[in-house]
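See structure below.
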Amino acid sequence: SFGRTLLDPLFAKVGWDAQAGESQNTALLRATLLDALSQFDDPGVIAEARKRFSEFLRDPSHITPDTRRSMLRIVALHADAATWEQLHTLAKIGKTAMVKDEMYRILGTVRDRALAAKALALTLGNEVAITTRPSIVRSVGVAHPDMAFDFMNTHRQLVMSWLEGDSQNQFVPRVTQGSNDPKMIAKLNAYANAHIPATARGDVVKATSAIGFNAEVRTKRLPEIDRW
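Position one of the sequence shown corresponds to residue 5 (our numbering), numbered consecutively onward.
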């Protein structure tokens with residue numbers, strides 16, 4: 005609520021659609037504000053994104069490329085099962101590899117845990133290109149790092165087969181570093197002890213430090229801010 009109070013007046017000045025002659029900085033500001041207001045559950049932004057998505061399904065030309073990505077990200081984050089399936093269909097019929105990669109990645113950003121699990125399940129079959137599968141896992145890890153970790157741990161050999169050698173020791177800690185659960189530190193260290201050489205754990209150190217900081221902010225700093 006506090007975040008929306010700060011950002012809504014600023015967004016009212018830039019709006020959803022680009023104005024003639026506006027700078028690239030304004031376009032970047034618009035995208036950043038839409039993303040933030042979506043994260044803050046702004047009802048007006050979510051409703052407008054859903055309206056535009058309905059128009060997009062009827063005729064994609066009605067939505068300008070400038071706001072298409074923001075619209076899709078907002079709709080995906082707040083998707084119910086029916087909307088998620090509509091996004092899934094768009095991913096399957098994407099005309100280019102770039103469009104398919106973007107749409108499949110967006111499927112993993114959903115807040116609903118059951119739908120996030122469905123996104124992860126897509127990586128176990130042949131529907132999604134191998135090069136896109138890590139992107140889905142990473143996108144799920146933003147809102148659900150615990151789910152992403154459990155998936156990677158359970159299907160470790162398969163997940164590692166998608167990655168280049170240099171990325172294999174980095175992938176798991178980087179996906180989970182946004183967690184604010186102190187238990188993730190122990191899980192990540194146990195994973196590293198089992199699967200990552202001692203000389204290649206730099207990303208594990210960074211991730212466990214970030215998780216510890218996130219947990220402290222959540223348990224100590226946020227209550228202090230609320231009281232203030």
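Positions of the beta carbon are idealized from the N, C-alpha and C atoms, including for glycine.
CB of residue i within 8 Å of CB of residue j, strictly
i: VAL114; j: ALA80; result: yes
i: ARG117; j: MET156; result: no
i: SER58; j: VAL49; result: no
i: THR158; j: ILE140; result: no
i: ARG8; j: ASP46; result: yes
i: SER183; j: ILE215; result: yes
i: ALA211; j: PRO177; result: yes
i: ASP21; j: THR68; result: yes
i: MET107; j: LEU94; result: yes
i: LEU37; j: LEU11; result: yes
i: ALA123; j: VAL146; result: no
i: LEU192; j: VAL209; result: no
Inter-residue spacing [alpha-carbon to alpha-carbon] between residue i and residue j
i: GLU131; j: ARG137; result: 10 Å
i: LYS55; j: ILE78; result: 11 Å
i: ILE97; j: LYS224; result: 47 Å
i: SER74; j: ALA202; result: 41 Å
i: ARG205; j: GLN174; result: 8 Å
i: ALA196; j: GLY25; result: 52 Å
i: PRO186; j: SER27; result: 43 Å
i: LEU91; j: LEU61; result: 10 Å
Residue i - containing alpha helix (DSSP H), residue span
i: LEU162; result: 160 to 165
i: VAL209; result: 206 to 220
i: TRP88; result: 85 to 96
i: THR180; result: 169 to 180
i: PRO227; result: 226 to 231
i: SER58; result: 47 to 62
i: ASP39; result: 28 to 43
i: ASP21; result: Note, ASP21: premise wrong, no alpha helix (DSSP H); not H, not E.
i: THR223; result: It is not in any alpha helix (DSSP H) - THR223 carries neither H nor E in the DSSP assignment.
i: SER74; result: 69 to 81
Closer than 7 Å: residue i CB and nearest the ligand FMN heavy atom
i: PRO69; result: For the structure depicted, the ligand FMN is absent and the ligand set is empty, with no information on it obtainable.
Exercise for the section: Report the residue ranges of all alpha helix (DSSP H) runs contained in full by the stretch 101 to 134; include only those spanning at least 4 residues, in chain order. Expected result: Counting whole runs of 4 or more residues, the stretch 101 to 134 contains the alpha helix (DSSP H) stretches 101 to 111, 117 to 126.
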